[in-house]
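Peer 1: If you count by the working numbering, then the sequence shown holds residues 678 to 1106, one letter each, in order.
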Amino acid sequence: MSEVVVLGAGLGGTLMAYELRAQLRPEDRLTVIGQGHVYHFVPSNPWVAVGWRERKDVDVDLADVMKRKNIRYLPQGAKRVNPKENTITLEDGETVPYDYLVIATGPDLAFDEIEGFGPNAHTHSICHIDDAEKSFAAFKRFVEKPGPIVIGAVQGASCFGPAYEFAFILDTELRRHKIRDRVPMTFVTSEPYIGHLGLDGVGDTKGLLESELRSRHIKWVTNAKVKKFEEGKLTVDEIGDGGAVLKTHEIASAYTMMLPPFRGVPALMGLEGLVNPRGFVLIDKYQRNPTFQNAFGIGVCVAIPPVGPSPVPVGVPKTGFMIESMVTATARNIGELLRGRPVHTVATWNAICLADFGDKGVAFVAQPQIPPRNVNWASEGRWVHWAKLLFEKFFIHKIRRGACEPFYERWVLQLLGIRKLKTVKGDTP
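Okay, structure coming up:
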């Protein structure tokens, strides 16, 4: 019998548990460690922040699902991973041993790295549903007393799509309230150009997103390094190619939402050999840690170098299909190890993204996600908005019923007219 543990119960961790269950032998035990019993569908948070969704629409009770799938679920949260001892210390002091560990914690949100940043200071957030609900409460107050809005992503951020989504969703909602003409909007981003997305663009995302910003009268600042946030304003340095400050912007804002930089969670920070200095899990092409080879990493918590140099630090996003490919490869590789066979499955790290703008949207496919690519395609239209709505409903249904089959392979790819975009590939053992 082997003890297999998944640390984290977000998008990656939940899918990981479902796929691992199918790979284990009858005598093996699978444990998932989460924080609380509830899974929140994070891609819906921009809608929650404008009142288009409520918490109950995007929540799933994991305790019930895990019990039905014969998976032990521990909601206490992890205090510390002990890779040399093959144990995890939980927040309540309990120790959980493991033979194989999959780390799927997601990130820690580094609001504290910029003065005045975060939902407990002068900005709002859509990274967690609790913060998205607070952002909606603040937006309702804003509607009564409109003013300037700033949306974007700060230096070191590695997730840009939701910032664009939220800017355009806000624009749509403000027009519905018939107050858009009273709200100057600015998009402030650390990207070297609009539509970079941490990926050096996909297809013509630069042209598509610049055109969308212009048509909605949203100004922008790129290569932006935020110095500080204050009540009613933020101070931003615009950085040139040589690293010099080209211009300092002081931008008025009555409602600010900017995505933060990510780092590893406290339970992982400082574990030499397991994580890098930023706390992200080091992995090889099999998703396995090179030092502690019974530990794997998937999702936002893994270390991926940037696609290239930029005047302001820009990270690489981990999109849904990319994460799903990591999940499938890891599940198969652990299944091989349990049976005494070498690992040989490699995640493709292809990317598919549906970005909703409230009334239309942009879709892109990158194969692989990090260039150079075999497929480099982007398109826009109202169909993307409806596709994102269907994606949300189908995916939450998948989580609630504990389905483990690759979701994108069955639905999104057909919707985009793509016959096949592989999740994983085999490597010669």
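Built from N, CA and C at the ideal position, the CB exists for glycine as well.
If you're wondering where the values come from, they're calculated on a predicted model, not measured in any experiment.
Could you tell me the alpha carbon to alpha carbon distance between Tyr1085 and Ala1032, rounded to whole angstroms?
Peer 2: Confidence is the limiting factor: at Tyr1085 the pLDDT is only 48, short of 50, which leaves the residue's position unreliable, though a coordinate-based value still follows. So the alpha carbons of these two residues sit roughly 15 Å apart.
Peer 1: Using C-beta distances below 8 Å, list every residue in its chain close to Gly884, excluding the 5 sequence neighbours before and after it, in chain order.
Peer 2: Hits under 8 Å: Gly872.
Peer 1: Near Thr996, which residues of its chain fall below 6 Å by C-beta distance, leaving aside the five closest residues on each side in sequence?
Peer 2: Cβ within range, chain order: Ala1028 and Cys1030.
Peer 1: What residue range is occupied by the uninterrupted alpha helix (DSSP H) comprising Met1003?
Peer 2: Where Met1003 is concerned, the enclosing alpha helix (DSSP H) stretches over Gly997 to Leu1015.
Peer 1: Does DSSP put Tyr695 in a helix, in a strand, or in coil?
Peer 2: Helix at Tyr695.
Peer 1: Give the range of the alpha helix (DSSP H) segment to which Trp1060 is assigned.
Peer 2: It spans Arg1059 to Arg1078 - the alpha helix (DSSP H) in which Trp1060 sits, taken as one unbroken run.
Peer 1: Does the Cβ of Leu707 have 16 or more other Cβ atoms within 10 Å, making it buried, or fewer, making it exposed?
Peer 2: Answer is buried; the Cβ neighbour count reaches 16.
Peer 1: Rounded to the nearest angstrom, what separates Asp785 and Trp1054 at their Cα positions?
Peer 2: Answer to the nearest angstrom: the Cα atoms are 31 Å apart.
Peer 1: Who pairs with Arg749 in a beta bridge, going by DSSP?
Peer 2: Answer by DSSP bridge pairing, in chain order: Thr708.
Peer 1: When we look at the beta-carbon of Asp808 and count the other beta-carbons within 10 Å, is it buried (16 or more) or exposed?
Peer 2: Buried: at least 16 other Cβ atoms inside 10 Å.
Peer 1: Within 8 Å, do at least three Cβ pairs link the stretch 696 to 715 to the stretch 736 to 748?
Peer 2: As far as the Cβ criterion goes, the stretch 736 to 748 touches the stretch 696 to 715, which means the pair count is three or higher.
Peer 1: Identify whether Ala755 lies in helix, strand or coil by the three-state DSSP scheme.
Peer 2: Looking at Ala755 - three-state DSSP - the assignment turns out to be strand.
Peer 1: Locate the beta strand (DSSP E) running through Pro774, then write down its first and last residues.
Peer 2: That run of the beta strand (DSSP E) goes Thr772 to Pro774.
Peer 1: So with Cβ pairs under 8 Å, would you call Pro760 a contact of chain C?
Peer 2: In the structure shown, chain C does not exist; there is a single protein chain.
Peer 1: Quick check on Val727: does DSSP put it in helix, strand or coil?
Peer 2: Of the three classes helix, strand and coil, the one that applies to Val727 here is coil, per DSSP.
Peer 1: Tell me the DSSP secondary structure of Glu927 in three-state form.
Peer 2: It is a strand residue.
Peer 1: Do Gly880 and Phe1071 have their CB atoms nearer than 8 Å?
Peer 2: Their beta carbons are not under 8 Å apart, which means Gly880 does not touch Phe1071 by this criterion.
Peer 1: Any idea which residues DSSP pairs His801 with across the strands?
Peer 2: Note: His801 sits in a beta bridge opposite Met934.
Peer 1: Output the distance between the C-alpha atoms of Leu923 and Val903, rounded to the nearest integer angstrom.
Peer 2: Straight-line Cα distance between these residues: approximately 13 Å.
Peer 1: Rounded to a whole number of angstroms, what is the C-alpha to C-alpha distance between Pro954 and Gly947?
Peer 2: Their Cα atoms are separated by approximately 7 Å.
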